[in-house]
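Notes to accompany the following structure.
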Amino acid sequence: MGLDHWPYMLAAIAGLTIVTVATRASFFMLPSQVQLPARVERALRYAPACALAAIVAPGVLTRDHDIAIGWGNDQMWALLIAAAVYARARNMIVMMAVGMGVFTFLRLVV
Amino acid sequence: MTAVRDTWIPPVDKQAYREGVRAMMPMALAISVWGVVTGVAMVNQGMSVTVGLIMTFTVFAGSAQLAVLPLLAVGAPLPVVWATALVVNLRFVIFAASSRRSFVDLTLRQRILAGYLNGDLGFALFSQRFADDPDRGSPVQWGYFYGGAVVNWVAWQAASVAGIVLGGFAPEEWGLELAAYLALTAVLVPMCVKFPAIAGVAVAVVVSVMTVDLPMRLGLLVAVAAGVTVAMLAEHLHGRQALRRATPASAGTEEVTT
Numbered sequence: 614m615g616l617d618h619w620p621y622m623l624a625a626i627a628g629l630t631i632v633t634v635a636t637r638a639s640f641f642m643l644p645s646q647v648q649l650p651a652r653v654e655r656a657l658r659y660a661p662a663c664a665l666a667a668i669v670a671p672g673v674l675t676r677d678h679d680i681a682i683g684w685g686n687d688q689m690w691a692l693l694i695a696a697a698v699y700a701r702a703r704n705m706i707v708m709m710a711v712g713m714g715v716f717t718f719l720r721l722v723v
Numbered sequence: 112m113t114a115v116r117d118t119w120i121p122p123v124d125k126q127a128y129r130e131g132v133r134a135m136m137p138m139a140l141a142i143s144v145w146g147v148v149t150g151v152a153m154v155n156q157g158m159s160v161t162v163g164l165i166m167t168f169t170v171f172a173g174s175a176q177l178a179v180l181p182l183l184a185v186g187a188p189l190p191v192v193w194a195t196a197l198v199v200n201l202r203f204v205i206f207a208a209s210s211r212r213s214f215v216d217l218t219l220r221q222r223i224l225a226g227y228l229n230g231d232l233g234f235a236l237f238s239q240r241f242a243d244d245p246d247r248g249s250p251v252q253w254g255y256f257y258g259g260a261v262v263n264w265v266a267w268q269a270a271s272v273a274g275i276v277l278g279g280f281a282p283e284e285w286g287l288e289l290a291a292y293l294a295l296t297a298v299l300v301p302m303c304v305k306f307p308a309i310a311g312v313a314v315a316v317v318v319s320v321m322t323v324d325l326p327m328r329l330g331l332l333v334a335v336a337a338g339v340t341v342a343m344l345a346e347h348l349h350g351r352q353a354l355r356r357a358t359p360a361s362a363g364t365e366e367v368t369t
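If you're matching them up, the sequences are chains A and B in order.
All residue numbers for the first sequence refer to the numbering used here, where the first residue is 614 and numbers rise by one.
All residue numbers for the second sequence refer to the numbering used here, where the first residue is 112 and numbers rise by one.
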C-alpha cells in the first residue's frame with residue numbers, strides 16, 4: 614500500500630472521482646422538493662473547516678507521531694505567520710510567498 | 112447530428128460565455144499557483160508522474176487531493192481516504208443546493224458535467240452574477256458558467272501538469288510539503304469567520320494532534336466529529352446572532368481552489 618502501489622492508487626482515484634461528482638452534483642440530481650435543512654447546511658459548513666484543520670495541524674505540529682510545538686518548529690511559525698497575513702490580506706499568492714519565505718529564513722538563517 | 116438534448120453541455124449564449132471567461136481570468140494566476148503546489152506535492156511525496164496525471168485529470172479537486180495525500184502516503188484504508196475527501200468536499204453540497212435552480216432541469220449527463228465543474232471559484236462567480244436572476248436555467252446562465260469553468264479547468268490542469276512534471280526535481284529540504292499545508296490553510300481561513308466555526312476548528316486542531324497515534328489515521332475523522340459537534344453546540348449557545356446565515360459564497364473560499 615502507498616503512493617507507489619498501482620491497484621491501491623487506482624482504486625483510491627476512482628473513489629475520489631466519484632466523491633467529487635457525488636458532492637458537486639449532489640443537489641442537481643435530487644428532485645426540487647428535497648431541500649437542505651438549515652441545521653444540516655450549517656453542519657456541512659463546519660465539517661470541511663474541521664477536516665482541513667485536522668489535516669494541517671498534525672502535519673505541522675507533530676513529528677513522527679510526537680507533538681512538536683516549540684521554537685524549533687520552523688513549519689509551525691511559517692504557517693502561523695502566513696495564516697495571519699492571509700486573514701488580513703486575503704491574497705493567496707502573497708500568503709504562500711510569506712509562508713515559504715519565513716520557513717526558508719528560519720531554516721537557513723536562524 | 113445528435114439532438115440538442117443529448118449533448119454534454121446545454122446551449123450556451125456566446126456573449127455570456129465570453130463574459131464568464133473574462134470574469135475568471137483574473138483568478139487564473141491564483142488557480143495556477145494552487146495547481147503547481149498540488150502537482151509538486153503529489154510527486155514530492157512519492158507518487159509517480161503517471162498516477163499523478165491520472166489523478167489530476169479525474170479527481171479535479173485540489174483541496175481533497177492535498178488532504179488525502181498524507182493518508183495515501185501511509186497506505187491508509189481506502190474508506191478512510193474516501194471519507195476524508197468526502198468531508199473536505201461537503202462544502203460543494205451546499206454550493207449544489209444553492210445553484211441547483213439553474214441546472215436541475217438539464218439532462219442527466221449535462222447535470223453530471225456541470226456538477227463536476229462546479230468548484231469553489233466557479234460557484235462564487237456564478238452565484239454573484241445571478242443572485243437576482245429568476246431564470247431557472249438559461250443559455251446566458253450556462254454560457255457564463257462554462258466560460259468560467261473552461262478558464263478554471265485549463266489554468267488548473269496546465270499548472271498541475273507542470274507541478275507533477277517538475278515536482279520531482281525539487282530538493283526535499285525546500286520543505287515544499289509546507290506549501291501544500293499553506294494552500295489548505297488558504298481554504299480554511301475564510302471559513303473561520305464566526306465564533307462557532309473558530310471553536311470547532313480549535314477543537315479539531317487539538318483532537319487531531321492528540322489522536323495522531325490512532326490506527327488507520329482514524330484520528331482525523333474523530334477530530335472532525337468533535338469539531339462539528341462543538342461548532343454546533345457553540346452556535347446553539349451563541350444564540351440567534353450566529354444563526355444569521357451568511358451567503359454560501361462568503362462562507363466558502365473567495366480566493367481559490369478547484
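Each residue gets a CB set at the ideal place from its N, CA and C atoms; glycine is no exception.
Remember, predicted model here, so these are calculated numbers, not experimental data.
Item	Value
Given this structure, state the Cα-to-Cα distance separating A208(B) from P188(B), to the nearest angstrom.	30 Å
How do the segment 641-657 of chain A and the segment 178-193 of chain B stand: do at least 3 beta-carbon pairs fall below 8 Å, yes or no?	no
Compare the beta carbon distance of V144(B) and S174(B) with 8 Å and say whether it is the shorter of the two.	no
Tell me the rounded alpha-carbon separation between T633(A) and L224(B).	11 Å
Going by Cα to Cα distance, which pick from L177(B), L182(B), V333(B), F168(B) is closest to M614(A)?	L182(B)
Does the separation of the CB atoms of G163(B) and G150(B) fall below 8 Å?	yes
Measure from the alpha carbon of T675(A) to the alpha carbon of each residue in M689(A), H618(A), L643(A), V707(A), then state which is nearest.	M689(A)
Kindly indicate if chain A contains any beta-carbon less than 8 Å away from that of L325(B).	no
Among I120(B), L344(B), A127(B), G230(B), which one has its Cα closest to the Cα of V312(B)?	L344(B)
Give a yes or no on whether 8 Å exceeds the smallest Cβ distance from R637(A) to chain B.	yes
Measuring CB to CB, does N263(B) end up less than 8 Å from I142(B)?	yes
Spell out whether any CB of chain B is found under 8 Å from the CB atom of P671(A).	yes
Answer yes or no: do A695(A) and L293(B) have a C-beta to C-beta separation smaller than 8 Å?	yes
Identify every run of the beta strand (DSSP E) within the segment 217-264 of chain B, keeping only runs that are complete inside it and at least 3 residues long; order them along the chain.	none
8 Å is my cut-off, CB to CB: does V335(B) come that close to chain A?	yes
Applying a beta-carbon distance threshold of less than 7 Å, which residues of chain C neighbour R211(B)?	Given the protein chain composition of this structure (A and B), no chain C is represented.
Hey, is N229(B)'s beta-carbon within less than 8 Å of any beta-carbon in chain A?	yes
Do V318(B) and A290(B) have their C-beta atoms within less than 8 Å of each other?	no
Report the rounded CA-to-CA distance for E366(B) versus P137(B), giving the unit in angstroms.	The predicted position of E366(B) is uncertain, since its pLDDT is 44 and thus under 50; a value taken from the coordinates is nonetheless stated next. For E366(B) and P137(B), the distance between alpha carbons rounds to 11 Å.
Taking any Cβ of chain B, which residues in the segment 684-706 of chain A have a Cβ under 8 Å from it, in chain order?	D687, Q688, A691, L692, A695, A696, Y699, A700, R703, N704, M705, I706
Could you tell me which chain A residues have their CB closer than 7 Å to the CB of L201(B), listed as they occur along the chain?	T636, L657, A660, P661
Would you mind working out which of A697(A), A638(A), H678(A), G712(A) sits nearest C303(B), comparing C-alpha positions?	A697(A)
Please return the same chain residues whose Cβ sits closer than 7 Å to the Cβ of S271(B), not counting the five positions on each side in sequence.	G146, T149, G150, T167
At a CB-CB cut-off below 8 Å, which residues of chain A make contact with T149(B)?	Going along chain A, no residue has its Cβ under 8 Å from T149(B), so there is no contact; the nearest lies around 12 Å.
Tell me, please, whether the CB atom of L387(B) is closer than 8 Å to any CB atom in chain A?	Lying before the first or after the last residue shown, residue 387(B) is absent from chain B, which here runs from 112 to 369.
In this structure, how does DSSP classify D677(A) when only helix, strand and coil are distinguished?	coil
Determine the contact status of V687(A) and R655(A), defining contact as a CB-CB distance below 8 Å.	The sequence shown places Asp at residue 687(A), not Val. The answer is no: Cβ separation not under 8 Å.
Determine the direct distance from the alpha carbon of I682(A) to that of P282(B), and round the result to whole angstroms.	25 Å
Does the beta-carbon of P121(B) have 16 or more other beta-carbons within 10 angstroms, so that it is buried, or is it exposed?	buried
Can you give the Cα-Cα distance for A723(A) and I680(A), rounded to whole angstroms?	It should be pointed out that residue 723(A) corresponds to Val in this sequence rather than to Ala. Approximately 22 Å between the Cα atoms of the pair.
If you check the beta carbons only, do A624(A) and A178(B) fall under 8 Å apart?	no
When we look at the beta-carbon of T369(B) and count the other beta-carbons within 10 Å, is it buried (16 or more) or exposed?	Reliability fails at T369(B), whose pLDDT of 49 lies under 50, so the model's placement of it is uncertain and the value that follows must be treated cautiously. So T369(B) ends up on the buried side.
For T358(B), name the three-state secondary structure that DSSP assigns.	Per-residue confidence for T358(B) stands at a pLDDT of 46, beneath the threshold of 50, marking its modelled position as unreliable; the derived number appears in the next sentence. Coil.
Could you confirm whether any beta carbon from chain A is found closer than 8 Å to the beta carbon of A152(B)?	no
For L63(B), would you say it is in contact with chain A, using Cβ-to-Cβ distances shorter than 8 Å as the test?	Residue 63(B) cannot be examined here, being either before or after the span of chain B that is shown, 112 to 369.
One question on the structure: do Y699(A) and M713(A) come within less than 8 Å of each other, judged by their Cβ atoms?	no
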